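Numbering (my numbering), first residue to last: 10 to 252. For every residue, glycine included, the Cβ atom is placed at its ideal position computed from N, Cα and C. Values in this document were obtained by computation on a predicted structure and should not be read as measured data.
Laid out in structure tokens, this is it:
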């Protein structure tokens, strides 16, 4: 059975969560989302420490994304209160898979800029399909529709932070599964990287089933099947090397 303690550790995670909101330091806001993050300063620590509201001030002061633990999976996190440094973060991290949470007011300002300057960040390089990886969090969805209607291929809108978290977990799990399968099927196969992403997907799918009280048997079976294939391929390669 997979556990957080068995997860491989990456020195440079490929996935980044960027969070832009003027009120991010307010202790009364975004409690569901904030509770999903914990520190991983020590990757061998089986009990990561939940980020406190005060910790977000440290993240805001950081010069670059910081390593954190998101629902049991290693991630990078960058948070901002204003638009300009947020855009700079996108500029510096175009090589990463980015998930972006933003308030409705700031989303109206920054989303058109991001899609004009960094369109490739939001497009799957393999399939050419757009990512719905911009998560607008607001108090009234109707108030966002006038501007958001132009970007429906890229954004999802929510008015409850628990719903943002749930959708984010599912989307990231799907992404890890897709990446894991692609890496396994490359020639030559990249089994270690594929296994890491599939294990991340497995953890996140399990978290999602608990959040939403649903079954993801098809998704979990797919991940388990790929993990089994990786182990079979590893065993076969080892056996051939010993001959």
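Distance, residue j Cα to residue i Cα
| i | j | result |
| --- | --- | --- |
| residue 98 | residue 130 | 12 angstroms |
| residue 88 | residue 241 | 41 angstroms |
| residue 91 | residue 108 | 17 angstroms |
| residue 163 | residue 142 | 6 angstroms |
| residue 167 | residue 227 | 26 angstroms |
| residue 243 | residue 25 | 30 angstroms |
| residue 173 | residue 181 | 12 angstroms |
| residue 245 | residue 140 | 36 angstroms |
| residue 153 | residue 135 | 31 angstroms |
| residue 22 | residue 219 | 25 angstroms |
| residue 77 | residue 195 | 29 angstroms |
| residue 96 | residue 27 | 10 angstroms |
| residue 221 | residue 110 | 20 angstroms |
| residue 114 | residue 237 | 46 angstroms |
| residue 138 | residue 86 | 25 angstroms |
Cβ neighbours of residue i in the same chain (closer than 7 angstroms, five flanking residues each side left out)
| i | result |
| --- | --- |
| residue 189 | 203, 206, 207, 210 and 235 |
| residue 231 | 186 |
| residue 239 | 193, 200, 203 and 204 |
| residue 51 | Its pLDDT being 37, under 50, residue 51 is placed unreliably by the model, and the measurement read from it follows with that caveat. For residue 51, where only same-chain residues beyond five positions count, there are no Cβ hits under 7 angstroms. |
Selected residue, minimal CA-CA separation from residue i, among the options
| i | options | result |
| --- | --- | --- |
| residue 212 | 199, 233 and 121 | 233 |
| residue 32 | 76, 74 and 148 | 148 |
| residue 29 | 182, 23 and 119 | 119 |
| residue 270 | 113, 115, 74 and 112 | Residue 270 is absent from the model: the chain starts at 10 and stops at 252. |
| residue 132 | 106, 153, 172 and 183 | 106 |
| residue 159 | 137, 96, 136 and 125 | 125 |
| residue 104 | 128, 78, 121 and 195 | 128 |
| residue 121 | 27, 222 and 156 | 156 |
Buried/exposed call for residue i, threshold 16 Cβ in 10 Å
| i | result |
| --- | --- |
| residue 84 | buried |
| residue 93 | exposed |
| residue 15 | Bear in mind that a pLDDT of 39 at residue 15, under 50, signals an unreliable position, so the model cannot answer this. |
| residue 150 | exposed |
| residue 170 | buried |
| residue 197 | exposed |
| residue 184 | buried |
| residue 123 | buried |
| residue 116 | buried |
Residue i - containing beta strand (DSSP E), residue span
| i | result |
| --- | --- |
| residue 76 | 75-79 |
| residue 109 | 106-112 |
| residue 165 | 164-167 |
| residue 160 | Segment: none, residue 160 is in no beta strand (DSSP E) and carries neither H nor E. |
First and last residue of the uninterrupted alpha helix (DSSP H) at residue i
| i | result |
| --- | --- |
| residue 224 | No alpha helix (DSSP H) contains residue 224, which DSSP labels as neither H nor E. |
| residue 33 | Unbroken run through residue 33: none, as it is neither H nor E. |
| residue 179 | 170-194 |
| residue 99 | 92-101 |
Spatial neighbours of residue i in its chain, beta-carbon cut-off 6 angstroms, leaving aside the 5 residues before and after
| i | result |
| --- | --- |
| residue 102 | 25 |
| residue 214 | 182, 225, 228 and 229 |
Residues near residue i by beta carbon distance below 8 angstroms, same chain, minus five either side
| i | result |
| --- | --- |
| residue 112 | 29, 30, 31, 32, 145, 146 and 147 |
| residue 165 | 141, 143, 144, 145 and 176 |
Chain B within 8 angstroms of residue i, Cβ atoms only
| i | result |
| --- | --- |
| residue 136 | Included in the structure is just one protein chain, with no chain B present. |
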